[in-house]
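Chains as they are written, first to last, in this note's numbering: chain A, 1233 to 1522; chain B, 13 to 377. Working notes, structure below.
Pasting the structure below:
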């Protein structure tokens, strides 16, 4: 790209510049930032209480009093969206972090150490893959009593397998590269080689996987809420709002539309950010060289 | 860059290094007391890789990548190692550094058998032996700056007391390989192949090694850059007294840089000699074939034409006897296809060894 100009700029700024060039990612940062801020400040910005039942205004379509309408109990949908977003985003992001961390650790160890470690860890991954997720989720969450922290751990620990496989495959290819051999030749410890040389080079796919996992976790949380095993009413989440409105989707579309759209927008934004991050983290030359 | 690149490349063999007069005595008056001239020796090292075959991956066969090789590298000397692709050159180089564990044999570095050593015990020795790779694109971590790449060695071996000391050392190393210190904060992708190779050399030099394996260090570079890198390596040897194992399939370059040359075929050394002797009077038919495959301006050399037919046999199932006999024009039925020739000196004290039942004589007959 612009080599001449780039040379004068400190590298950190250069990379930030590269991220900003990815306009979808840049827009996504704003979108996600606004949504997250609004949700975080829900008690301040929300026009009503999230559990206030107003029997005079049941099932109203969007109006100036209720920007996103009201639900079957006359609760303000916008308010519930803001409060619900807190739970959904927190669960989505944290569960993705847990799942990605576990998956990266397992995949990296398996790929790096190979042989017996690889065999053991990957068979474990196969087993985890073959467990039917939903029944297990149902059993686990019935014990967890719908606490947010427990949901994060449960969803996270059930979604690391794909990351593990992707990371293992990447590590297998990176560890054969000559710069890894050079590090061994310098007397670097295995831990140093893994952390300094191998892992930084597999972060691209990891970030993409993580962003996908955010969306997945939000959706899984909704499924559990729908089954009555997620976060319990009256605490709203986008998931349980979506599920509650299923029966009336045709007649009162705003009840489905807003939570559905929010999930879509957040998941999409996180994906774009992941893509932008990948460009930031992977020097562009990688594409030229291979 | 200024100092190293302008020298023309004369196509002649190098005189022996000051510390290593021709001959094989273990001590000489020139070497410091208590320091044997041999820096590194392999003792019948072999590396066999199992080949998986069949549905359940049971391995019955092995690839004999390196098969009972004994060579020695003297202090301050360049040992050239030539051979076709896949003959085990690189594996041998990596065995010497213990980057590959040999299946059999011993590796003696500085009088010590290094194979039984633990990782921790190896670390101080790793300082003394380094490697330069063929592919300057895969040999540098794309996520690290030049400072981190070159400085890693300094940090691992704690060669610098302070951060500024470390930076000063890195700058000096970069200068030594003909690069400007400003390169420090840049990433490998910002450099050309030749510059990247220089960075790789700076990394190897950072620990002040006594021995460097150069694994085809120039074959991935443009011809115009090759001479620069070769001259840089030779200048560094003159300045620092470092010994090289110079692996290449380019006979011209090997002749230019090496004091002694070993020729490898299917995992075995078939001929080994001081560079000028090898190029003047190659004894092994395979060496002759290799030499005649390289274009030459010297009419005397053109007479030596020996053409090779066929491909090198598979190292999984090498031919019985001399592995070269199916392609050899001088093969003797009943001998070459039955018995393995030993690597033996042609005339005592010459340092010229050949493993052949019917070698050429000094006149090329």
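Just so you know, even glycine gets a beta-carbon here, dropped at the ideal spot from N, CA and C.
Residue j beta carbon less than 8 Å from that of residue i
{"i": "residue 1321 (chain A)", "j": "residue 1382 (chain A)", "result": "no"}
{"i": "residue 412 (chain B)", "j": "residue 283 (chain B)", "result": "Residue 412 (chain B) is absent from the model: chain B starts at 13 and stops at 377."}
{"i": "residue 1380 (chain A)", "j": "residue 1319 (chain A)", "result": "yes"}
{"i": "residue 100 (chain B)", "j": "residue 246 (chain B)", "result": "no"}
{"i": "residue 143 (chain B)", "j": "residue 234 (chain B)", "result": "no"}
{"i": "residue 1293 (chain A)", "j": "residue 1486 (chain A)", "result": "yes"}
{"i": "residue 1418 (chain A)", "j": "residue 164 (chain B)", "result": "yes"}
{"i": "residue 54 (chain B)", "j": "residue 83 (chain B)", "result": "yes"}
{"i": "residue 1407 (chain A)", "j": "residue 1344 (chain A)", "result": "yes"}
{"i": "residue 1218 (chain A)", "j": "residue 1505 (chain A)", "result": "In the structure displayed, chain A extends from 1233 to 1522; residue 1218 (chain A) sits before or after that span and is not available."}
{"i": "residue 102 (chain B)", "j": "residue 224 (chain B)", "result": "no"}
{"i": "residue 271 (chain B)", "j": "residue 242 (chain B)", "result": "no"}
{"i": "residue 331 (chain B)", "j": "residue 338 (chain B)", "result": "yes"}
{"i": "residue 1370 (chain A)", "j": "residue 1353 (chain A)", "result": "no"}
{"i": "residue 124 (chain B)", "j": "residue 219 (chain B)", "result": "no"}
{"i": "residue 121 (chain B)", "j": "residue 52 (chain B)", "result": "yes"}
{"i": "residue 97 (chain B)", "j": "residue 261 (chain B)", "result": "yes"}
{"i": "residue 274 (chain B)", "j": "residue 93 (chain B)", "result": "yes"}
{"i": "residue 162 (chain B)", "j": "residue 184 (chain B)", "result": "no"}
{"i": "residue 91 (chain B)", "j": "residue 257 (chain B)", "result": "yes"}
{"i": "residue 454 (chain B)", "j": "residue 159 (chain B)", "result": "Since the first and last residues shown for chain B are 13 and 377, residue 454 (chain B) lies out of range."}
Nearest candidate by alpha-carbon position, reference residue i, set the options
{"i": "residue 89 (chain B)", "options": "B:50, B:346, B:338 and B:193", "result": "B:50"}
{"i": "residue 1451 (chain A)", "options": "A:1340, A:1276 and A:1471", "result": "A:1471"}
{"i": "residue 448 (chain B)", "options": "B:220, B:147, B:355 and B:178", "result": "There is no way to answer for residue 448 (chain B), as the model of chain B reaches only from 13 to 377."}
{"i": "residue 118 (chain B)", "options": "B:134, B:57 and B:109", "result": "B:57"}
{"i": "residue 1449 (chain A)", "options": "A:1427, A:1469 and A:1478", "result": "A:1469"}
{"i": "residue 1445 (chain A)", "options": "A:1275, A:1291 and A:1328", "result": "A:1328"}
{"i": "residue 63 (chain B)", "options": "B:363, B:131, B:327 and B:278", "result": "B:327"}
{"i": "residue 1193 (chain A)", "options": "A:1282, A:1312, A:1317 and A:1288", "result": "Absent from the model: residue 1193 (chain A). The displayed extent of chain A is 1233 to 1522, so no value can be given."}
{"i": "residue 1413 (chain A)", "options": "B:181, B:157 and B:153", "result": "B:153"}
{"i": "residue 255 (chain B)", "options": "B:263, B:217 and B:261", "result": "B:217"}
{"i": "residue 280 (chain B)", "options": "B:105, B:77, B:52 and B:134", "result": "B:77"}
{"i": "residue 285 (chain B)", "options": "B:374, B:173, B:145 and B:140", "result": "B:374"}
{"i": "residue 1384 (chain A)", "options": "A:1357, A:1409 and A:1456", "result": "A:1456"}
{"i": "residue 111 (chain B)", "options": "B:92, B:72 and B:131", "result": "B:131"}
{"i": "residue 87 (chain B)", "options": "B:72, B:252, B:96 and B:215", "result": "B:252"}
{"i": "residue 1434 (chain A)", "options": "A:1315, A:1404 and A:1297", "result": "A:1404"}
{"i": "residue 347 (chain B)", "options": "B:334, B:341 and B:340", "result": "B:334"}
{"i": "residue 215 (chain B)", "options": "B:74, B:177 and B:166", "result": "B:166"}
Sequence-distant residues of its chain with Cβ nearer than 6 Å to residue i (five each side left out)
{"i": "residue 368 (chain B)", "result": "296 and 353"}
{"i": "residue 33 (chain B)", "result": "The pLDDT assigned to residue 33 (chain B) is 42, lower than 50, so where the model puts this residue is not dependable; a value taken from the coordinates is nonetheless given after this. Counting only Cβ-Cβ distances below 6 Å, and skipping sequence neighbours, we find nothing."}
{"i": "residue 1310 (chain A)", "result": "1299 and 1300"}
{"i": "residue 80 (chain B)", "result": "56 and 58"}
{"i": "residue 1491 (chain A)", "result": "1470, 1473 and 1474"}
{"i": "residue 1502 (chain A)", "result": "1443 and 1446"}
{"i": "residue 1290 (chain A)", "result": "1306"}
{"i": "residue 359 (chain B)", "result": "none"}
{"i": "residue 1499 (chain A)", "result": "1447"}
{"i": "residue 290 (chain B)", "result": "273"}
{"i": "residue 1361 (chain A)", "result": "1393"}
Own chain partners of residue i with C-beta closer than 8 Å, once the 5 adjacent residues on each side are dropped
{"i": "residue 205 (chain B)", "result": "148, 149, 232, 233, 234 and 237"}
{"i": "residue 1312 (chain A)", "result": "1282, 1303, 1468 and 1473"}
{"i": "residue 1350 (chain A)", "result": "1342, 1343 and 1400"}
Nonlocal neighbours in the same chain, by C-beta distance under 7 Å from residue i, ignoring five residues either side
{"i": "residue 1441 (chain A)", "result": "1332, 1394, 1395 and 1398"}
{"i": "residue 1510 (chain A)", "result": "1436, 1439 and 1440"}
{"i": "residue 1480 (chain A)", "result": "1487"}
{"i": "residue 371 (chain B)", "result": "295 and 296"}
{"i": "residue 1325 (chain A)", "result": "1446"}
{"i": "residue 1374 (chain A)", "result": "1461"}
{"i": "residue 1308 (chain A)", "result": "1279, 1280, 1298 and 1302"}
{"i": "residue 345 (chain B)", "result": "none"}
Exercise. Please list the residues of the stretch 193-216 of chain B that have a C-beta atom closer than 7 Å to any C-beta atom in chain A, keeping them in chain order.
Key: 197, 199, 201 and 215
Self-check item: the stretch 325-342 of chain B: positions lying closer than 8 Å to chain A by Cβ
Solution: none
Quiz item: Hey, is the stretch 179-193 of chain B in contact with the stretch 204-222 of chain B, meaning 3+ C-beta pairs nearer than 8 Å?
Solution: yes
Quiz item: Using Cβ-Cβ distances below 9 Å, what residues of the stretch 1409-1429 of chain A are close to chain B?
Solution: Listed by position, the residues of the stretch 1409-1429 of chain A near chain B (Cβ gap below 9 Å) are 1409, 1410, 1411, 1412, 1413, 1414, 1415, 1416, 1417, 1418, 1419, 1420, 1421, 1422, 1424, 1428 and 1429.
Quiz item: Going along the stretch 252-278 of chain B in order, which residues come within less than 8 Å of chain A, judged by CB to CB distance?
Solution: none
Quiz prompt | Contacting positions in the stretch 93-112 of chain B - beta carbon closer than 7 Å to chain A | solution = 109 and 111
Quiz item: Quick one: any contact between the stretch 1324-1338 of chain A and the stretch 1388-1403 of chain A, if contact means 3 or more CB pairs under 8 Å?
Solution: yes
Quiz item: In the stretch 151-172 of chain B, which residues sit with their C-beta less than 9 Å from some C-beta in chain A, listed in chain order?
Solution: 151, 152, 153, 154, 155, 156, 157, 160, 161, 164, 165, 168 and 169
Practice problem: Using a Cβ-Cβ cut-off of less than 7 Å, give me the residues of the stretch 1432-1456 of chain A that come near chain B, in sequence order. | Solution: 1432 and 1433
Quiz item: Quick one, which residues of the stretch 224-244 of chain B are near chain A if we go by CB-CB under 8 Å, in chain order?
Solution: none
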